[in-house]
Amino acid sequence: MKIELISWQAQGLRCPDAKIDLCSGGDHVPKVALIQMPNGTGKTTTLDCLRAAMDGSARSWSEKRVLEYQDSEKKPDTGKFLTTLKIEGSNRLVIEMTFDFDHGCVTYKTTYGSKNEDGYCPPPKVGRYLDPQFSELLFFNGELANQLIDGTQGSEASAIIDTFYGLYHLKRLQDLAQAAFEDAAKKGGRTVKAKTLTILEAKLGKLRKRQGEIVTEQSDAKEKAAQLKTEIQALERSTEEHLLNSEKFREREQEAIDNRHRAEMELEDQLQKISSNFANPVFLYDPLREQLQKLADNFEVLRLPEPSSAPFFKELVKEDVCICDREMNDGAKAAIERRAEEILGDSVTGFLNSFKDSVRNFCGEACDPSFEGLMEQLNNSLEALDAAQSKLDDIRREAEESGDMDVSAKQEELKEKKKKIQDLSDFIDETERKTQAGDGDDCDCLDYYAKEIQQAEKKLAELTGSLDLKARTDCLKELLDVAYREAHNKLKESVIDDANTQLREILKFNLVQIEDIGKSVKLDGRLSGSVGQNLSVGYVFLAGLLHGGGNQFPLVVDSPAGALDDVARRQVGGLLPELIGQLVAFVIASEREWFVEPLAEAAGNDVVYLTHLRLNEYTSGLLPSLGGEKVSETDDGIVLEGKECFFQLGVDSVE
Amino acid sequence: MPHEEVIEGVKNAAVAKGLPESAADRILAWLNEAESGSFAAKERREQLHKILEVMHGYDTRAQEEA
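As they're listed, the protein sequences go chains U and V.
Numbering of the first sequence is given in this note's numbering, commencing with residue 1 and proceeding in unit increments.
Numbering of the second sequence is given in this note's numbering, commencing with residue 1001 and proceeding in unit increments.
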């Protein structure tokens, strides 16, 4: 699916009346559209209306919200916002929003090709991509990229994958099934005492609520534990580096580190060997080799299977010459027939012959080292690892006792973090253990709640006579859970691989890679990158989704370079056109420097420069010096096209 | 059309549950309609009932739990 943003037009709204045509009246959609709108020109109104036009969300706006968009000076009864999109490179989709300020509502009109309809009705093939959950991804605030990394944004990063690939429909089907069951249960429950049902439903509600809370707490605990683990590793590395720089401890520290590394490598090697041979029973238990060979030897001497080999001898004796080149006379024929009987077995022999061959191939030579040998080596490596770690701990203790404040402080912090991580692990273990006797509504064991909920639901189903429907509903929900997990994990892996490939190319000199996508986009080996790196990761992640599988969607970005320094601006500016098919960026004058030139260069100068001003006494005075081509002019707004005029607008003159 | 990983996920999950091929087909048909954006509420429920028809019922579940 290819969707491009062509133009929009506003009238009677908080933003100045204007038409913004990204194609400059032609058919070509430029790769980059830069719209410079100084503060107070109505950028937020424009962005809100663009998004509402695409996803139809203005239909549910409150009266209060609708009135916020009314032109505060003219106070018209109605306002309009018209958005034009190009679908699949040719068809135009026009969505017209009419703001009725008297009644506080917004109505839509949709035109697609020659079809004109009242209401928000984009064609189904397009509508799927204009779903509100999806359209959120098309409108990107430059700060959101940062928030994807630190997890402070609204949607979970992982949920964005679900949105893009439509996995949320699996959840919708689950919810529909549950709702249908609950409706049926309610109808069936009218013959049972209402009070009994109410008490049971209340209990079920309470159990589900607590279960949900624990799941959230567990997820938070896992995130925190992972974060603490990274911090602990960083602290340990820092302590090691500090001691390596110390005259007193350097030699011993290095030796202990080398020993630890050696033990780790040996351990890994041994585990690898055990793992690759684990499926081999003969490896695990060598006496089995001898016993299998004995079994094979005890079978009767190799014989040919009768059903498949008898015809051979029957045909042979009819020949004039034997296969050994001797004349087939009566004596030879009799000898062959007699011997054939002796060496032909029954069809079971075919299996036995095959079995004997398999045993011969399978058993082969004894494994070296054996399983027992490898287990012993494994134990030795574990002991060596423990010893190396103990030595390192001793050196730290000594450094602490000798008055090294740096080591002291780090060790204190390490102790604290290890205690926290232990508490978190204990909590996580508690949530993940199996339920046991004595568990009650004050425990944190998820298995307990799952079983209690199951029993309560079953009881409810019994009372309402809906056991069979419950069983079918549960079966469907379980199936969808499994399907979701499989699809989500595979897609997530694919997104991460593609993004990392892009990042290796783009951030050659300051590489950062994505390790996982959960609540946030987790970077490999660090909690966060630099501002520029985070933005790069955020853009690569989103752009990969928007342009996966042959799709193309416009990315509308508010303030793409806002908080970045010059280095990061150049980096991001050069990056965006490589990632995105159509970029529509709303900028203010202070963002131009270091950003627009690399952006234009990366886009092959396929850029339209638009400057949109609210007309007043001050801005009217600026117009002669700005130049540019007037592409839209109304009594309160003007749009100028042109690169010179775009750069001419001074930073301190309008902001 | 659901993504190929979603299709594979649904089919694999249905096989793992020992359900007939029609189970995965009906679920995928529902997902297809849901994605197209033209799925009316009444039809959504009707299609859901068709899916539930081929899910394991109480007798099968009771046997599994036993």
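Using N, Cα and C, we set each Cβ at its ideal position, and we do this for glycine too.
Contact note: residue 1057 of chain V reaches chain U through 468, 471, 472, using a C-beta cutoff of 7 Å and chain order. If you check each beta-carbon in the stretch 155-168 of chain U against every beta-carbon of chain V, the ones closer than 8 Å belong to 165, 166, 167. In this structure, the alpha-carbon of residue 325 of chain U lies about 15 Å from that of residue 335 of chain U. Assignment of residue 69 of chain U by DSSP, reduced to helix, strand and coil, places it in the coil class.
Interface annotation for the stretch 1015-1048 of chain V against chain U: 1016, 1017, 1019, 1023, 1027, 1030, 1031, 1034, 1035, 1036, 1037, 1038, 1044, 1045, 1048, criterion Cβ-Cβ distance under 8 Å. In this structure, DSSP gives residue 1030 of chain V a helical state, which the three-state scheme calls helix. Looking only at V/1049, V/1042, V/1019, V/1030, the smallest Cα-Cα distance to residue 169 of chain U is reached by V/1030. For residue 583 of chain U, there are no C-beta contacts with chain V under 8 Å, since the nearest C-beta of that chain is about 25 Å from it.
With respect to the 8 Å criterion, residue 585 of chain U and residue 560 of chain U are classified as neighbours on the basis of their beta carbons.
When the beta-carbon positions are compared, residue 93 of chain U and residue 66 of chain U stay at least 8 Å from each other. For residue 54 of chain U, the enclosing alpha helix (DSSP H) starts and ends at 43-55. The beta carbon of residue 473 of chain U sits closer than 6 Å to the beta carbons of 177, 181 from its chain, once the five residues preceding and following it are set aside; these are given in chain order.
Counting of Cβ neighbours within 10 angstroms places residue 287 of chain U among the exposed residues, the total staying below 16. The beta-carbon separation of residue 172 of chain U and residue 1034 of chain V, rounded to 6 Å, stays under the 8 Å limit for a contact.
Contact between residue 589 of chain U and residue 650 of chain U holds: their C-beta atoms lie close to 7 Å from each other, under 8 Å. Excluding residues up to 5 positions away in sequence, 17, 79, 80 lie with their Cβ nearer than 7 Å to the Cβ of residue 11 of chain U in the same chain.
Only those residues of the stretch 168-184 of chain U whose C-beta falls short of 8 Å from the nearest C-beta of chain V are listed: 169, 170, 172, 173, 176, 177, 180. For residue 578 of chain U, the closest of U/502, U/374, U/530, U/453 by C-alpha to C-alpha distance is U/502. Boundaries of the beta strand (DSSP E) around residue 612 of chain U: 607-614.
Assignment of residue 30 of chain U by DSSP, reduced to helix, strand and coil, places it in the coil class.
Contact between residue 477 of chain U and residue 174 of chain U is confirmed by a C-beta separation of about 5 Å, below the 8 Å threshold. The stretch 384-400 of chain U and the stretch 244-260 of chain U touch, with three or more beta-carbon pairs separated by less than 8 Å. Taking each of U/608, U/631, U/636 in turn and checking the Cα distance to residue 620 of chain U, the smallest one comes out for U/636. The Cβ atoms of residue 160 of chain U and residue 534 of chain U lie no closer than 8 Å to each other.
Put simply, the CB of residue 491 of chain U is near chain V, with a gap under 8 Å to one of its CB atoms.
Using a Cβ distance threshold of 8 Å, residue 1003 of chain V and residue 604 of chain U do not count as a contacting pair.
Residue 112 of chain U is outside the set of residues whose beta carbon lies under 8 Å from a beta carbon in chain V. According to the DSSP assignment, residue 436 of chain U belongs to no alpha helix (DSSP H), since it is labelled neither H nor E. Annotated as distal: residue 283 of chain U and residue 362 of chain U, with beta-carbon spacing of 8 Å or more. Residue 71 of chain U counts as buried, since no fewer than 16 other beta carbons sit within 10 angstroms of its beta carbon.
Of all residues in the stretch 474-486 of chain U, only 474, 475, 476, 478, 479, 480, 481, 482, 483, 484, 485, 486 come within less than 9 Å of chain V when Cβ atoms are compared, listed by chain position. Its chain contains 37, 586 as the residues whose beta carbon lies nearer than 6 Å to that of residue 43 of chain U, once the 5 sequence neighbours on both sides are disregarded; these appear in chain order. A distance below 8 Å separates the beta carbons of residue 82 of chain U and residue 8 of chain U. Taking 8 Å as the CB threshold, residue 124 of chain U lines the interface with chain V. Per the Cβ contact rule, the stretch 1003-1019 of chain V is not in contact with the stretch 426-444 of chain U (fewer than 3 Cβ pairs under 8 Å). Shown here, residue 59 of chain U sits in a helix according to DSSP, grouped into three states.
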